[in-house]
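To start, the structure under review is shown below, and the notes come after it.
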Amino acid sequence: MNSVVVAAIQAGSTLFDTPATLTRAERYVREAASAGARLIVLPEAFLGGYPKGLDFGVTVGSRSPGGRDTFRRYREAAIDVPGSETGRLAELAGELGVRLVAGVIERAGGTLYCTAVFIDPRQGLVAKHRKLMPTAAERFLWGQGDGSTMPAVRTPYGVLGAAICWENYMPLFRQAMYAKGVEIWCAPTVDDREQWQATMRHVALEGRCFVISANQYLTRADLADDLHPVQGEAPDTVLIDGGSVVISPLGEILAGPLRGGEGVLLAELDLSDLDRGKFDFDPNGHYARPDLFTLLINESPQHTVEPRP
1 MNSVVVAAIQ AGSTLFDTPA TLTRAERYVR EAASAGARLI VLPEAFLGGY
51 PKGLDFGVTV GSRSPGGRDT FRRYREAAID VPGSETGRLA ELAGELGVRL
101 VAGVIERAGG TLYCTAVFID PRQGLVAKHR KLMPTAAERF LWGQGDGSTM
151 PAVRTPYGVL GAAICWENYM PLFRQAMYAK GVEIWCAPTV DDREQWQATM
201 RHVALEGRCF VISANQYLTR ADLADDLHPV QGEAPDTVLI DGGSVVISPL
251 GEILAGPLRG GEGVLLAELD LSDLDRGKFD FDPNGHYARP DLFTLLINES
301 PQHTVEPRP
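If you want it as C-alpha cells, here you go:
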C-alpha cells in the first residue's frame, strides 16, 4: 500500500450524554468513510466528555457537595472498556471497513482514565492507551495510566500509536513510542492553542512519522443548563476552538488546522514519505547514541495488591 486517506474528526461531546455523543461520532465517522478515509481519529475524551471550564467544587483542601454530584454525573457518562460503546464502534468500523482511534473516558472501578481505544474493522477493540499523566486540574478527575497500555498497533499502512494531549510534551514517552516503530502518530487533544501546532510539527519531525491530531470544537451549548463554565454563559461561547491538523514526517502541514467549527479533516498520506524522512534522521537508529543514552521502561501492569508467590 503506497498511500492511505486519513481523517481527523473535529467535534464536541454532549457533556454527560454519552448516547448523544456516540450518535454524533457515528455521523462523522460515516462522513469520513464516505470521503475515502480508512483511518479515522476522534478527539481526546470524546466519549465521556471533557468538562472544560468546570471546577467540580474543588479548592485546595476542600471539596463541595455540589462538586461531588457533578463528578457522579461525569462518572456515569464514562464508558467501560470493553463495553457497549466500544462494541458499537467496532460494529461501525466493521460495516465501513475503517480503523478508529477514539478518545474516551474509561471507567474502571472507582477511577476514571483518559483513554484512547484502537478499533480494527475485523477484530474490534484491539488495544487501548491510558493517558500517563493528567494535566493540572485533570488530576482530580482521572487516574494515571501505567506502562502496560502503551501499544503500537500494526496495520497494512503502518504502525499506529497514540499520545493524548500533553503526553506529547513528555520526551521519554515520545522516545519510548519511537522505539516501538510508530509511523502514524495519533494525538487526540483538547489543546486549541496556536503553540499546539508547533508541537505537532515537532513530533512529526522528531519521530519522522505522520501525525494526526484530532481536537474537539466545544461550545457552551454542549453543556447542560445547570453547569457554569468559567468562560461564560452565552450558548455560542467557544470552550474549545479545534485546531485539528495532519502533518507529514518532514513537518509539512498536509491538512488544517481546522478552526471555527466542527468538521472532518481529510488528508492522503504518501507512505513513501516515511522512508524519505529517515534519510537524515532516525531517533531510534542512525541518529541515536545508545552508547551514551538508554531509556528503561516498565511495561508491567501495576496493581495495588499483589498475591504473594
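The letter at position 165 of the sequence shown is residue 165 when you use the UniProt record's numbering, and the numbering goes up by one with no holes.
From the three backbone atoms N, C-alpha and C, an ideal C-beta is built for every residue, glycine too.
Only a predicted model underlies this, so the values are computations on that prediction, with no experimental measurement involved.
If you draw a straight line from the C-alpha of residue i to the C-alpha of residue j, how long is it?
i           : j           : result
residue 291 : residue 28  : 48 Å
residue 109 : residue 195 : 36 Å
residue 248 : residue 101 : 18 Å
residue 10  : residue 266 : 11 Å
residue 213 : residue 156 : 20 Å
residue 221 : residue 55  : 18 Å
residue 95  : residue 166 : 33 Å
residue 293 : residue 208 : 20 Å
residue 211 : residue 309 : 44 Å
residue 2   : residue 276 : 13 Å
residue 273 : residue 252 : 11 Å
residue 79  : residue 138 : 17 Å
residue 43  : residue 239 : 14 Å
residue 7   : residue 32  : 6 Å
residue 136 : residue 51  : 13 Å
residue 232 : residue 225 : 12 Å
residue 143 : residue 134 : 7 Å
residue 53  : residue 63  : 17 Å
residue 295 : residue 284 : 11 Å
residue 256 : residue 122 : 30 Å
residue 227 : residue 81  : 27 Å
Under the three-state reduction of DSSP, which class applies to residue i: helix, strand or coil?
i           : result
residue 210 : strand
residue 5   : strand
residue 10  : strand
residue 50  : coil
residue 246 : strand
residue 293 : coil
residue 17  : coil
residue 118 : strand
residue 228 : coil
residue 168 : helix
residue 223 : coil
residue 203 : helix
residue 287 : coil
residue 311 : For the chain, the structure presents residues 1 to 309; residue 311 sits outside this window and is missing.
residue 269 : strand
Does the beta-carbon of residue i have 16 or more other beta-carbons within 10 angstroms, so that it is buried, or is it exposed?
i           : result
residue 60  : exposed
residue 119 : buried
residue 264 : buried
residue 305 : exposed
residue 90  : buried
residue 216 : buried
residue 168 : buried
residue 24  : buried
residue 65  : exposed
residue 68  : exposed
residue 279 : exposed
residue 99  : buried
residue 177 : buried
residue 129 : buried
residue 107 : buried
residue 297 : exposed
residue 148 : exposed
residue 132 : buried
residue 183 : buried
residue 242 : buried
residue 111 : exposed
residue 307 : exposed
residue 269 : buried
residue 235 : exposed
residue 172 : exposed
Compare the Cα-Cα distances from residue i to each of the options and report the closest residue.
i           : options               : result
residue 193 : 222, 173 and 259      : 259
residue 188 : 138, 154, 221 and 115 : 115
residue 49  : 68, 19 and 129        : 19
residue 105 : 121, 164, 63 and 308  : 164
residue 92  : 74, 80 and 125        : 125
residue 170 : 181, 202, 8 and 21    : 202
residue 180 : 172, 186 and 159      : 159
residue 150 : 174, 257 and 237      : 174
residue 140 : 42, 205, 77 and 71    : 71
residue 74  : 117, 42, 14 and 81    : 14
residue 205 : 281, 243 and 303      : 281
residue 77  : 302, 113 and 97       : 113
residue 17  : 262, 223, 255 and 161 : 223
residue 245 : 218, 228, 219 and 199 : 199
residue 161 : 191, 103 and 5        : 103
residue 237 : 219, 250 and 153      : 219
Looking at the C-beta of residue i, does it have a partner C-beta in chain D at a distance below 7 Å?
i           : result
residue 183 : Among the protein chains of the structure shown there is no chain D, as only one such chain exists.
| said: Closer than 8 Å is the cut-off here; do at least three beta carbon pairs connect the region 280-288 with the region 28-44? | reply: no
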